[in-house]
Structures are given as C-alpha cells and as structure tokens.
Amino acid sequence: MIDGINIWDAHMHYMGRFKARNKSIIEYMDNYGIDKAVITTLNKTTSMKKLKSILGSNSGGSLTDFSAHFDLTSQLDHEPVRKIVSQYPRRVVGFYWFNPKDPSEEDWDLLTTYIEAYNFRGVKTQPTVNMLNVPRDYYNLAEFCIAHNIPLYIHTGSSFFFQKAIRAKDLYRLAKKYPELKLIIGHAAHSMEYCINLLTYFSETKNVYFETSCSIPYGILALTKGFGSERVIYGSDSPPATTPEIEIKKIKILNLNKNQLENIFYNNIEKLVSENQF
Amino acid sequence: MLKKEFALFDSHLHTTGNFLPPDMNLIEYLDKFNVKKAGKGFD
C-alpha cells in the first residue's frame, strides 16, 4: 500500500537485474509497497550477453541471419514461479508465458496443468522473441483463454528489423474476432505513436485492457482519459526492466482521483484474475 | 539522491507541456527538479 492505495503489480518477473540476488521476490515487493503481483518467468535466451555475441558474429554483414539464432518453438521453464505461487498464494498470481507458435500436445497439456492445478490465472506472450504472427498465431490460445476465463497478455514494442511489426490494427483484429477474450495489451504507451494507434482502434472494444509498464506518463494519461480508468492496469515489468518505484511514480504524477488510482493500481487486475479460480 | 550529487543538464526540454503547472514558469520548473541548465526545444 502506498498513500492509502493498495498496489497490485500486474507485470512482474521472479528475478531480474534490479533485484538483489540475496533478496526474495516477496522482500522485493515489500520494499516497494506492492501488496500483490502477477509474476511470470523470465526469458533468458535474449540476454544482452547473447545478443552481443550474435551481433559480434555478424559484424559487417549478413544481419539477415540474425533470426536464425531465435529458438522459435521452445517453451520456458515455469517451475521457479510455481514454487513462489505455491508458497505465497495470497501475494502472488502466476501468469504462464506460452509460445503459441506450433505448440505440441505436451505444451498444451503443461499449460493446462499450470492453469487448472497450479493456480496460474493468465497467459503471457511475447510476439517479438517468439516471432509470432498477430493475430494468426493466437487463435487457438485465445480460445484456450476464453474456455478457462483467464486473461491473455500480449507484449508490445518495436520489432527486430527482420520481423513484422506488432501493429495495433492486428491486435484489434484479434480482439474483434474474440469479444469474450480478456485481452491485456502490454507496455501500451511505450511510445506516443503506439498509444495513439491504440486510442484509434480500441474505443469501442470493451474486452481490452492496457498495461502501463515502461510507458510514457503522458501516454498513460491519454489511455486513462480515452478508455477510462476501468481499462488501464498498472504493471512495472520489474525487476528485469525497471523498478516499481519508477513505474508507480509515472502514474502518481498524473493527478488522478482516488477512484481512478484504485482502479489502475488494484481493482482492474484483481477483477480480471479473480473471476475464475480452479 | 542523484539530484544532490550531480549537476543536471536536461538536453531535451520544451517550453510548455502537460506537466508544467500553469502558475509556474520554466525556470521555477527547472529549479524544482534541480536542473541547472537545459536545452530548450520547440513546442
């Protein structure tokens, strides 16, 4: 709780650069006044060390080979997050980071187990790292999320040079095809241009929510004014990308009223992840 | 804190904007954030 407002961070990872190795994620949350958090695993395949290595091997040319270094079909390990969720069920909710690019039966079975047996309450995807086509690669996963009444989170941002852009227009096509889907667009105001694109497409699409991590404060304000505080969700992307202190302050400086702050910092994500518990 | 330990030169500042209170001029705004100098851009 910060200044009388409960804080539910809708985008955290179990580890990362901005958390001391000798501190637990719960201690990290306590340090920043985070009451509850959505936590997912961390993709280590695109670390700065690996990217530098790849770029170094392509020095001076053949950057088109860059994409060959991405592992397109693998899934990530969620065991560290499962342990935290199991140990702190009142503080932490798990999101399963799923790669929907041609998943195997075993991949679907494991996802189902984490949702139904391990109390994970959402699915996160990263279309850049997994080279996903939006919306085509999302149809089966969207239907899975609808069937389980859980939100689907899609990371947005700039794409690598060899990839198709993650366009607001394509996200809109997905949301319109599945009006029952609870879709969370991540890093929704990572640039003002992207924020304006979202405002253009999603004014009538009530099943879509906008997560604030790594966003521009003025963009968060525009999303709040454009869509209402009921559709904006605070997230930090900490500890790998930044700290909660920085991301919370971006919202605190917007002079929003208490009701708006309660929606953005707590109520909206609570409602999304609490509607169906197995 | 950073602002106490370093002199700050903000290399990208505008003359007006949503986060400049209407009753505060730009120099007061700089002072509030301990910005010693700034490169002033177009609106």
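Just so you know, the sequences run in chain order A and B.
First residue of the first sequence: 1, per our numbering; consecutive thereafter.
First residue of the second sequence: 1001, per our numbering; consecutive thereafter.
We treat Cβ as the ideally placed atom computed from N, Cα and C, and that holds for glycine.
Q: Use the C-beta contact count for B/Ala-1007: other C-beta atoms within 10 angstroms, 16 or more gives buried, fewer gives exposed.
A: As a position in the second sequence, residue 1007 of chain B is number 7, starting the count at 1. It counts as exposed.
Q) Count the other CB atoms within 10 Å of the CB of A/Leu-96; is the residue buried (16 or more) or exposed (fewer)? A) Numbered from its first residue, the first sequence carries residue 96 of chain A at position 96. Note that residue 96 of chain A is Tyr in the sequence shown, not Leu. Label assigned to A/Tyr-96: buried.
Q: Report the rounded CA-to-CA distance for A/Cys-195 versus B/Pro-1021, giving the unit in angstroms.
A: In the first sequence, residue 195 of chain A corresponds to position 195, counting from 1. In the second sequence, residue 1021 of chain B corresponds to position 21, counting from 1. In a straight line, the C-alpha of A/Cys-195 is about 24 Å away from that of B/Pro-1021.
Q: Kindly indicate which residue of A/Pro-179, A/Ala-147, A/Asn-130 has the alpha-carbon position closest to the one of A/His-155.
A: Working through the first sequence from its first residue, we reach residue 155 of chain A at position 155. That would be A/Asn-130, whose Cα lies nearest to the Cα of A/His-155.
Q.
How far does the alpha helix (DSSP H) with A/His-78 in it extend, from its first residue to its last?
A. For the purposes of this step, residue 78 of chain A is taken as the residue at position 78 of the first sequence. First-last for A/His-78: undefined, no H or E at that position.
Q) Once you ignore the five residues that flank A/Ala-168 on each side, which residues in its own chain have a CB closer than 6 Å to its CB? A) Here residue 168 of chain A is taken as the residue at index 168 of the first sequence, counted from 1. Within the same chain, A/Ala-168 has close Cβ partners Asn-197, Leu-198, Tyr-201.
Q) Are A/Ile-84 and A/Ile-25 close, meaning C-beta to C-beta below 9 Å? A) The residue given as residue 84 of chain A occupies position 84 in the first sequence. The residue given as residue 25 of chain A occupies position 25 in the first sequence. The Cβ atoms of A/Ile-84 and A/Ile-25 lie closer than 9 Å to each other.
Q | Residue closest to A/Val-134, alpha-carbon to alpha-carbon, out of A/Arg-173, A/Trp-108, A/Gly-157 | A | Translated into positions along the first sequence, residue 134 of chain A becomes position 134. Cα-wise, what sits closest to A/Val-134 is A/Arg-173.
Q: Taking a Cβ distance cut-off of 8 Å, strictly less, list which residues of the stretch 239-270 of chain A are near chain B, in chain order.
A: Listed in sequence order: Ile-253.
**Q.** Proximity test, Cβ basis, 9 Å: B/Asn-1025 and chain A
**A.** In the second sequence, counting from the first residue as 1, residue 1025 of chain B sits at position 25. False, the Cβ-Cβ gap to chain A never drops below 9 Å.
Q: Compile a chain-ordered list of the residues in the stretch 1008-1024 of chain B whose CB is closer than 9 Å to at least one CB of chain A.
A: Gly-1017, Asn-1018, Phe-1019
Q) Are the C-beta of A/Tyr-218 and some C-beta of chain B separated by less than 9 Å? A) Taking the first residue of the first sequence as position 1, residue 218 of chain A is located at position 218. Interface residue, yes.
(Q) For A/Met-15 and B/His-1014, what's the separation of their Cα atoms in angstroms? (A) Taking the first sequence and counting its residues from 1, one reaches residue 15 of chain A at position 15. Taking the second sequence and counting its residues from 1, one reaches residue 1014 of chain B at position 14. Going from the Cα of A/Met-15 to the Cα of B/His-1014 covers about 37 Å.
Q) Cβ of A/Leu-199 less than 9 Å from any chain B Cβ? A) Taking the first sequence and counting its residues from 1, the one referred to as residue 199 of chain A is at position 199. It does not; no Cβ of chain B falls within 9 Å.
Q: Quick one: using the 10 Å Cβ neighbour count with 16 as the cut-off for buried, is A/Asn-263 buried or exposed?
A: In the first sequence, counting from the first residue as 1, residue 263 of chain A sits at position 263. By the 10 Å Cβ count, A/Asn-263 comes out buried.
Q: Quick one: measure Cβ to Cβ for A/Ile-5 and A/Leu-261, integer angstroms, because I've assumed they're closer than 8 Å.
A: If you number the first sequence from 1, residue 5 of chain A lands on position 5. If you number the first sequence from 1, residue 261 of chain A lands on position 261. Contact between A/Ile-5 and A/Leu-261 holds, with the beta-carbon distance rounding to 5 Å and staying under 8 Å.
Q. Ordered along the chain, which non-local residues of its own chain (more than five positions away) have a Cβ less than 6 Å from that of A/Thr-205?
A. As a working mapping, residue 205 of chain A is identified with position 205 in the first sequence. Within the same chain, and ignoring the five residues on either side of A/Thr-205 in sequence, the residues whose Cβ sits closer than 6 Å to its Cβ are Ala-175.
(Q) In the DSSP assignment, the beta strand (DSSP E) including A/His-11 goes from what residue to what residue? (A) Your numbering for residue 11 of chain A matches position 11 in the first sequence. Per DSSP, A/His-11 belongs to the beta strand (DSSP E) from 8-13.
Q: Reducing DSSP to helix, strand and coil, say where A/Lys-250 ends up.
A: Translated into the one-based positions of the first sequence, residue 250 of chain A becomes position 250. If DSSP states are grouped into helix, strand and coil, A/Lys-250 belongs with the helices.
**Q.** CB contact flag (A/Tyr-153, A/Pro-100, <9 Å)
**A.** As a first step, residue 153 of chain A must be located in the first sequence, where it is residue number 153. As a first step, residue 100 of chain A must be located in the first sequence, where it is residue number 100. The Cβ-Cβ distance between A/Tyr-153 and A/Pro-100 does not fall below 9 Å.
Q.
So for A/His-148, helix, strand or coil by DSSP?
A. Stepping through the first sequence from its first residue, residue 148 of chain A is reached at position 148. A/His-148: helix per DSSP, three-state reduction.
Q: Taking 9 Å as the cut-off, decide whether the C-beta atoms of A/Leu-272 and A/Lys-182 are in contact.
A: Residue mapping note: residue 272 of chain A aligns to position 272 of the first sequence, counting from 1. Residue mapping note: residue 182 of chain A aligns to position 182 of the first sequence, counting from 1. Against a cut-off of 9 Å, the Cβ pair of A/Lys-182 and A/Leu-272 comes out as a contact.
Q | A/Gly-61 at chain B interface by Cβ criterion, 9 Å | A | What you label residue 61 of chain A is simply residue 61 of the first sequence in a count that begins at 1. Because A/Gly-61 carries a pLDDT of 47, less than 50, the predicted location of this residue cannot be relied on, and no value is offered for it.
Q. Who are B/Leu-1008's beta bridge partners in DSSP?
A. Position 8 of the second sequence, counted from the first residue, corresponds to residue 1008 of chain B. B/Leu-1008 is bridged to B/Val-1035.
Q) Near A/Ala-165, what residues of its chain come up, given a Cβ to Cβ distance below 6 Å and the 5 sequence neighbours on each side ignored? A) Here residue 165 of chain A corresponds to residue number 165 of the first sequence, with the count starting at 1. Same-chain partners within the cutoff: Ser-159.
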